[in-house]
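Take the sequence shown: its position 128, counting from 1, is numbered 141 in the working numbering, and each next residue is one higher.
Heads up, the beta-carbon is just placed ideally off N, CA and C, and yes, glycines get one too.
Since this is a predicted model, take the numbers as computed values, not measurements.
Okay, structure first, notes after.
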Amino acid sequence: MGEEKKGLSYEELVERFRQKVASIPEECHKAIMLWMSAKEVRKARIAAENNLRQVIETGKKVFYAGSEIPDEIKSVMVRGDQKYFDVLRKQEASFTRACDNAFKETRWFNDVAVPAAEGEGMGPMMAGELLWTIGSAHRFPSFGRLVRYAGLDVQNGKAPKRQKGQPVTWNPQLRTALYKLSENWNRNPEGIWRARWDGWKVWYAENRPHILDEKGGKGHIHDMARRKVQREFLRNLYGLWWEYEEETSC
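This is the structure in structure tokens:
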């Protein structure tokens, strides 16, 4: 997806952005703009946090070419980096709260995103990722098209992988978002999605026992079960989103 943007003029990029926003439900425009702001600040905050950790733990920094930073300079850098990090952390929290509030005022979030996840793991940042990467359920004439777009069209039990020199046929951002969502479920041992995930792992172990004999077989079954619950969520999302667009377009 990023490769497609190379060589485009500023005007072309702006037009693409406008078209993308236009594909999103109008009631979600405020929320998606706040999501973008929160996401950009989060990236800067993570970079600042990593930079601060590098200075504190190793006393080194990239532009010092791995050499030791003098103590008097290090203390000044730590104070400056800490202040910058604190500012970014507060900004991120503020944008995320505002994004959350804006999404909660929309029918799309309450009637599509949250019910599709059955109330588990669907925060404002995840909702923004799904909304931005998918845009509209009507873009996909069938559920299978959306599955392929998400990179979940499994062949021989394996998801498609990047091939050197070949463009990807799915949206990496959406695939990553679904991975993060399923990780949220995995961290909740009492959750319904974790129970389904564990159930699929048992099913594969009993019905495809030969996989366990392969190298990394246990991990393979774990990933196969992950894709099963991801597809189940995606089916929920697609159906609810399609109904929502049918009703709101009238």
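- Listed as beta-bridge partners of Q67 by DSSP are no residues whatsoever.
- In the DSSP assignment, M135 falls outside any alpha helix (DSSP H), carrying neither H nor E.
- G132 and I147 have their C-alpha atoms roughly 20 Å apart.
- Residue environment for E105: buried (at least 16 other C-beta atoms within 10 angstroms of its C-beta).
- For the options A126, A60 and A218, the alpha carbon positioned closest to that of M139 is the one of A126.
- The beta carbons of E258 and A163 sit no closer together than 8 Å.
- Of the residues assessed, I45 falls on the buried side of the cut-off, its CB having 16 or more other CB atoms within 10 angstroms.
- For S195, the enclosing alpha helix (DSSP H) has its first and last residue at P185 to N199.
- Cβ atoms of L144 and C41 come within 8 Å of each other, at about 6 Å.
- With respect to L253, D113 sits apart: the two C-beta atoms are not nearer than 8 Å.
- A distance below 6 Å between beta-carbons, with the five flanking residues on each side excluded, links M135 to the following residues of its chain, in chain order: A126 and V127.
- The region 173 to 190 makes no contact with the region 201 to 215, as fewer than three CB pairs between them are under 8 Å.
- Cβ contact annotation for K43 (same chain, cutoff 8 Å, sequence separation greater than five): A115, in chain order.
- Rounded to the nearest whole angstrom, the CA to CA distance from Q32 to P38 is 12 Å.
- In this chain, the alpha helix (DSSP H) harbouring N220 covers I205 to N220.
- With 16 or more other CB atoms across the displayed protein chains lying within 10 angstroms of its CB, E142 is buried.
- Taking every protein chain shown into account, the CB of L225 has fewer than 16 other CB atoms within 10 angstroms, so this residue is exposed.
- For N249, the enclosing alpha helix (DSSP H) begins and ends at G230 to T261.
- Collapsing the DSSP output to three states places F98 in a helix.
- Distances from the CA of E260 to each of K56, W121, R110 and F30 were compared; the closest alpha carbon is that of W121.
- In this structure, the straight-line span from the alpha carbon of G229 to that of Y217 is close to 14 Å.
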